[in-house]
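Before any comments, here is the structure.
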């Protein structure tokens, strides 16, 4: 069946072309000029298109245009330019020279969106919630990049892992590298196929080439398939036929945060775009972008061991031997000194046991070896010890850089048919947070596409080629450096030296105090109490001296020995070999996809019918460093396919618009998934719309959720499919949940089938325009989340007194119900001033027990944005925008958070507010824009998720040409 479907996808070109029909007519030529109605100046770069066709051109530097088309007269031309009201002109005479005037205006609710139904429609009449950011809004935003500006959209949360790596989410269950929000760049899924995170805008569209961004919050699998569970972000680039010429932008500024190694550092951002069309037949574009900066730094020193009587706030390396700093690495593993030393202490075949036995014998056996050992040791619950770790800033590569190169060649076969090839290549260095912090160094990813597009269909073939470069796991690197210098285990290992030094010093102190007390006439019982007090009272000193002894000669960051050890670990693939730990990701996974869509509107007059489908292949290739191998020693290939049908119908003179769709998807490791959607929109008084929808979504577990096999400082991560569970024998013998072991009552874990996540969503909303001045958008939603893919930490005893902790993705055995609402208001004031804001609320209906079940809600209950701006103050070409953003505190759960902190729900992300602002000046004759602005200009530092960097203030100045 899969092969049949693949053949169907690959033959879709012929199917669509056979269904598509146009009438070939003699070419006619239409010409004219476009001027600004207010100033009378000629307008360059105005898009001139034939309504209902792909045919179009742009006005030249003098405002003149000439359009060739095979359409017969009469026809309608559409004149559009960002920031101006579009005009439609009926053309009946080809010899007529047109003179068209466009009016500059703040038009609310006039945007056209495609993402909501895969067909163009007014944003006011969208059947589901949708947000749009066009090129004009991007230019006016105070955010340093368009991707940062997404955080100002209604209901959007952002997780900043570095300056250039940020993850977007809506409606709960946020995560770093979010896999529940589908992100498409010109229709291509831009997730890194093997590392399984959407790469933000590291690879893809430069800001100069960005035409618009459409964001749908909530479930949308009925049209977009797997992973469109919490929303979709569609980024669309500019067509070279419609946006021609040279554009350039140079931006420079500073990043400032007093907690960084160097508080204030510079950053640089350069982008260039060039596009040109030939005879309305051929067109091409090329883009280049480069960013360089010293990144934000993660330096949270709080102690997440929660051991030895200390908590998150008061634990330090100085007072807690088990210290495990949030952004300190190599200190994650704790060993109980009491349990480790007790067998030796009670066996007189080693120095410690002999010393205790001799002391006991000197009392005539009155004081037993066990009593002496208990006297020289702290309580067993307070004797955990961890190795000395390294701060992240000593391990990560904060020299952030990102280079993007992309281009496309378009050929307009006919007015209604266009073919093009497109390629995007990105490389760079950044930092990402997953189960570990990862230095994504010299990462490379390419996306290459061939597409045939008509006015009512498209056929698309593309591939994503991921290369991890020199990327490495920071926590694993620190662990590897420690092990390379001095192994943790063994008779001469670090822990043995630490424990031996502590026990020796404590026993000496005990013995001296005991003998002295006896000499002073105390009874043996009294002397024992005196000696016990002395031994326990010296515990802090013994710990400090023991660590100093075990750490003697430790590798120091910045030294040649440290750098050599680090290079060795970074050069070896995870998890390493018999000769040492490896921290390098060696991933070269590729994704291949074929897809098509056909709109039958020309053939079926009574309804709008869409049909589409896709076939996808993941070719895993990590060299065994990330993914498990099959029985033949090779990594797996994963096949998926799906198809959908949508039917839409307008009733009652277009006052009611009904849409229904259904989709089926199949992944070879899971059962097939059906995703239906129903929606209705009622339009009244032309600009007021009430909408209601029933939507479903699902997420196929990621490649890592299926086949990962990776040892991290906290856990061994393994995939959740039956093949992986059986390979590690987790169903054989005792296997306990970590939380039950920590509670002192080990509980056997019962495995369930691992299935795709599903969500059923209901939404009611309103969007309306009052007096063409006030735009109101509001919605309330209710979600029922099924088969939530959380994580479960399991403890498997090894039979020798030790154990292995596994972390596996599992389905929660209960539904998770959440709900929320949002309200947005935009007000167009006189003199081109605009103001507005939005607020959103998201919450779980019942969160009891969800934290211990590994559910990661990770969402503030309340967040809001307020803004005021003017793109052209009193015709002066000066503009400004000020935006305030605030969000509530919330708990963040993830595999990066320590098990104890996760279980106790201590990983709180504080509330914060941030102010962004910009002022700009446009010089029309030079086509140049000068912009000065800043993000978080009040310098109120914040973090957006656990373990991620502290974000400070960012100030910039830019000079743009032909933006």
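Numbering (the working numbering), first residue to last: 10 to 972.
We treat Cβ as the ideally placed atom computed from N, Cα and C, and that holds for glycine.
Express the C-alpha separation of residue j and residue i in angstroms, rounding to a whole number.
{"i": "residue 396", "j": "residue 504", "result": "8 Å"}
{"i": "residue 835", "j": "residue 693", "result": "20 Å"}
{"i": "residue 180", "j": "residue 772", "result": "12 Å"}
{"i": "residue 826", "j": "residue 851", "result": "11 Å"}
{"i": "residue 49", "j": "residue 55", "result": "15 Å"}
{"i": "residue 63", "j": "residue 844", "result": "35 Å"}
{"i": "residue 187", "j": "residue 867", "result": "11 Å"}
{"i": "residue 818", "j": "residue 727", "result": "8 Å"}
{"i": "residue 366", "j": "residue 357", "result": "6 Å"}
{"i": "residue 614", "j": "residue 670", "result": "18 Å"}
{"i": "residue 374", "j": "residue 803", "result": "44 Å"}
{"i": "residue 847", "j": "residue 90", "result": "27 Å"}
{"i": "residue 872", "j": "residue 766", "result": "26 Å"}
{"i": "residue 899", "j": "residue 380", "result": "47 Å"}
{"i": "residue 746", "j": "residue 555", "result": "33 Å"}
{"i": "residue 70", "j": "residue 929", "result": "23 Å"}
{"i": "residue 464", "j": "residue 607", "result": "10 Å"}
{"i": "residue 415", "j": "residue 482", "result": "29 Å"}
{"i": "residue 901", "j": "residue 909", "result": "13 Å"}
{"i": "residue 920", "j": "residue 398", "result": "29 Å"}
{"i": "residue 969", "j": "residue 938", "result": "5 Å"}
When we look at the beta-carbon of residue i and count the other beta-carbons within 10 Å, is it buried (16 or more) or exposed?
{"i": "residue 666", "result": "buried"}
{"i": "residue 906", "result": "buried"}
{"i": "residue 423", "result": "buried"}
{"i": "residue 532", "result": "exposed"}
{"i": "residue 807", "result": "exposed"}
{"i": "residue 682", "result": "buried"}
{"i": "residue 695", "result": "exposed"}
{"i": "residue 363", "result": "exposed"}
{"i": "residue 485", "result": "buried"}
{"i": "residue 952", "result": "buried"}
{"i": "residue 686", "result": "buried"}
{"i": "residue 12", "result": "Confidence at residue 12 is low in this model, with a pLDDT of 49, below 50, so its placement is unreliable and the value that follows should be read with caution. Counting Cβ neighbours within 10 Å, residue 12 comes out exposed, since fewer than 16 surround it."}
{"i": "residue 578", "result": "buried"}
{"i": "residue 214", "result": "buried"}
{"i": "residue 30", "result": "Residue placement at residue 30 cannot be trusted, given a pLDDT of 42 that sits under 50; what the coordinates show is reported in the next sentence. Flag for residue 30 reads exposed."}
{"i": "residue 664", "result": "exposed"}
{"i": "residue 631", "result": "buried"}
{"i": "residue 535", "result": "exposed"}
{"i": "residue 32", "result": "Reliability of the predicted coordinates at residue 32 is poor, the pLDDT of 34 falling under 50, and no value is obtained from them."}
{"i": "residue 340", "result": "buried"}
{"i": "residue 500", "result": "exposed"}
Less than 8 Å between the CB atoms is what I'm expecting for residue i and residue j, so what's the real figure, rounded?
{"i": "residue 168", "j": "residue 175", "result": "7 Å"}
{"i": "residue 672", "j": "residue 232", "result": "7 Å"}
{"i": "residue 5", "j": "residue 193", "result": "In this structure the chain extends from 10 to 972, so residue 5 is not present and cannot be described."}
{"i": "residue 488", "j": "residue 590", "result": "6 Å"}
{"i": "residue 662", "j": "residue 709", "result": "Not quite, the Cβ-Cβ distance comes to about 42 Å (not below 8 Å), so this is no contact."}
{"i": "residue 304", "j": "residue 172", "result": "5 Å"}
{"i": "residue 57", "j": "residue 88", "result": "6 Å"}
Tell me whether residue i counts as near the ligand ADP, meaning its Cβ is closer than 7 Å to at least one heavy atom of that ligand.
{"i": "residue 783", "result": "This structure simply doesn't include the ligand ADP, nor any ligand for that matter."}
#### Entry: the segment 157 to 165 in contact with the segment 418 to 432 per 3-pair CB rule at 8 Å
no
### Message
Give the list of continuous alpha helix (DSSP H) stretches no shorter than 4 residues that lie fully inside the segment 689 to 762.
### Response
712 to 716, 731 to 736 and 747 to 751
### Task
Please go through the segment 557 to 595 and give each complete alpha helix (DSSP H) segment of 4 or more residues, from N-terminal end onward.
569 to 579
### Message
Below 8 Å, how does it come out for the segment 141 to 148 and the segment 399 to 407: are there three or more Cβ pairs, yes or no?
### Response
no
### Three CB pairs or more closer than 8 Å across the segment 783 to 790 and the segment 826 to 835
yes
### Message
Across the segment 433 to 443 and the segment 560 to 577, are there enough close Cβ pairs to call them in contact, namely three or more that are closer than 8 Å?
### Response
no
#### Entry: Given 8 Å, three or more beta-carbon pairs between the segment 309 to 316 and the segment 328 to 339
yes
### Task
Can you check the segment 906 to 946 for any beta strand (DSSP E) of at least 3 residues that lies completely inside it and give the ranges in chain order?
921 to 932 and 937 to 944
### Task
Determine, using beta-carbon pairs with one atom in the segment 458 to 476 and one in the segment 587 to 603, whether at least three such pairs fall under 8 Å.
yes
### Message
For the structure I just gave you, are there three or more beta carbon pairs, one from the segment 34 to 44 and one from the segment 76 to 89, closer than 8 Å?
### Response
yes
### Message
Extract the residue ranges of the alpha helix (DSSP H) inside the segment 327 to 374, only unbroken runs of 4 or more that lie entirely within it.
### Response
346 to 354 and 360 to 371
### Task
Indicate whether the contact test is met: 3 or more Cβ pairs, each with one atom in the segment 650 to 657 and one in the segment 617 to 631, closer than 8 Å.
yes
#### Entry: Stretch pair the segment 224 to 241 + the segment 750 to 764: three plus CB contacts closer than 8 Å
no
### Query
Quick one: any contact between the segment 539 to 546 and the segment 521 to 531, if contact means 3 or more CB pairs under 8 Å?
yes
### Task
State whether the segment 881 to 898 contacts the segment 285 to 293, with contact taken as three or more CB pairs (one from each stretch) at a distance under 8 Å.
no
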